[in-house]
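Colleague: The sequence shown begins at 1 in the UniProt record's numbering and counts up by one.
Ideal Cβ placement from N, Cα and C applies to all residues, glycine included.
Since we're looking at a predicted model, the values are computed, not measured.
This is the structure I want to talk about, given as C-alpha cells.
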Amino acid sequence: MHYLTGSIIPKLYPYLSTPFGGRIWLSVSLSEIRIHSMAKLNLVVGSMLGAAEYVADHVANLLEQAGHQTQIHNPAKLAEVLDDAGSILLVVTSTHGAGDVPDNLQPFAKDLAEQHPDLNSLRYGVIALGDSSYDTFCQGGKTLDRLLTECGASRIGERLDIDVTQHEIPEDAAEMWIRDWMTMIS
C-alpha cells in the first residue's frame, strides 16, 4: 500500500481541481500526504516595447507548470482585478519616459491613486524592468508597488528590479526570482 500511495498517485494526479475552480497540490511521502493550495494569480502588464509582455508570458507559463492558475491583464482594469477575490496580483511592468508607468497601465495606476480602494486582503508581487543608466531606474514598478502598499495590500517577498543593461534576456532573471517567489505563495 505504501508503494501505491508514495509512488503512483502523485505521478498520475499531481494536482486536483476543487469545486470552486481552485487547485490543490498533492505532496506525498511514504508516511504522510500533504495538501497545498494552488494559487490563482492575476498578472497585470505594463509595457511599451514588449519586454514586460515577454516576461509576463514566461512567468505565467512557469506558474501554470507548477499548477497555479493565471490570467494576464493587458490592458489591466482595476475593477476586474479586484473582483477576483482571493487571487494574488503580480505586476510586471517596464518604465517609460521620465520614470512613468507605461501607457497601457496608466489607467490602472490612476484608478489606484484616485479611488484608493481598501486592499488589506490583497497579496501581490512586482517585477519591474528598467535601465540602470537612468535615475528613474524601474520607477514604473516602484510607483505601482508604492500605490498598492498605500492601499493596504501586502507585498509577497521583495520586488524584482531587472536591469535590462545587465540581462540581455529579462525572462532569465524573472525565472530565477519566480521560482523562489512561488514557494511563498503556496
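Using DSSP with H/G/I as helix, E/B as strand and the rest coil, what is residue 115?
Modeller: In the sequence shown, residue 115 corresponds to position 115, counting from 1. Three-state DSSP puts residue 115 in a helix.
Colleague: Considering only the alpha carbon of each residue, which of 140, 70 and 150 lies closest to residue 94?
Modeller: If you number the sequence shown from 1, residue 94 lands on position 94. Of 140, 70 and 150, the residue nearest in Cα terms is 140.
Colleague: With DSSP run on the structure shown, which of helix, strand or coil describes residue 128?
Modeller: Stepping through the sequence shown from its first residue, residue 128 is reached at position 128. If DSSP states are grouped into helix, strand and coil, residue 128 belongs with the strands.
Colleague: Flag this pair as touching only if the region 89-103 and the region 44-56 have three or more C-beta atom pairs under 8 Å; answer yes or no.
Modeller: Yes, they touch.
Colleague: Check each candidate in 178, 78 and 154 and name the one with the smallest Cα separation from residue 122.
Modeller: For the purposes of this step, residue 122 is taken as the residue at position 122 of the sequence shown. Out of 178, 78 and 154, 154 has the C-alpha closest to the C-alpha of residue 122.
Colleague: With 16 other CB atoms within 10 Å as the buried threshold, where does residue 61 fall?
Modeller: The residue given as residue 61 occupies position 61 in the sequence shown. Classification of residue 61: exposed, given that the 10 Å Cβ count is below 16.
Colleague: Does the distance from the C-beta atom of residue 101 to that of residue 129 stay below 9 Å?
Modeller: In the sequence shown, counting from the first residue as 1, residue 101 sits at position 101. In the sequence shown, counting from the first residue as 1, residue 129 sits at position 129. Taking 9 Å as the Cβ cut-off, residue 101 and residue 129 do not qualify as a contacting pair.
Colleague: So that I know if they touch, is there some Cβ in chain C lying closer than 9 Å to that of residue 133?
Modeller: Reference to chain C is not applicable here, since this structure consists of a single protein chain.
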